[in-house]
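With UniProt numbering applied, the sequence shown corresponds to residues 1 to 83, in that order.
Glycine included, every Cβ here is placed at the ideal spot set by N, Cα and C.
Please read all numbers here as calculations on a predicted model, not as lab measurements.
Encoded as structure tokens, the structure appears first; notes follow it.
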Amino acid sequence: MKFLFNIICAFLLIIAFAYAKQDNNENCPKICHLDYAPTCGFNGQCYTTFGNACGLKAANCNAKTKFQQVELDECSRPEVRKC
């Protein structure tokens, strides 16, 4: 009986941690619109182009990156480092 109780407690802890992790990303965009409005992002090391500002925000939120929106032409310059 004690073994079964321990198994149930472990299972409930796993579920609680899964929900806690989900709550951290609650403000992250789940789905971004498909309007193509390219946005350039820079993380201090390299540049990358996102389909739109929502894509940049989702990448920052879900992957915990730190891309800042910069002028679009920054991403097209040949001398800059691409991600």
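Residue i, DSSP secondary structure in three states
i	result
Lys21	With a pLDDT of 47 at Lys21, under the threshold of 50, the modelled position of this residue cannot be trusted; read the value that follows with caution. Helix.
Gly41	strand
Lys82	strand
Top-ranked residue by Cα proximity to residue i, from the options
i	options	result
Lys57	Val80, Glu79 and Pro38	Pro38
Cys40	His33, Lys30, Ala53 and Leu34	Ala53
Phe67	Glu26, Gln45 and Asn27	Gln45
Lys64	Arg77, Thr49 and Asn43	Asn43
Glu74	Cys83, Tyr47, Cys61 and Asn60	Tyr47
Val70	Val80, Asn62 and Cys61	Val80
Local Cβ density within 10 Å of residue i, reported as buried at 16 or more and exposed below that
i	result
Gly55	buried
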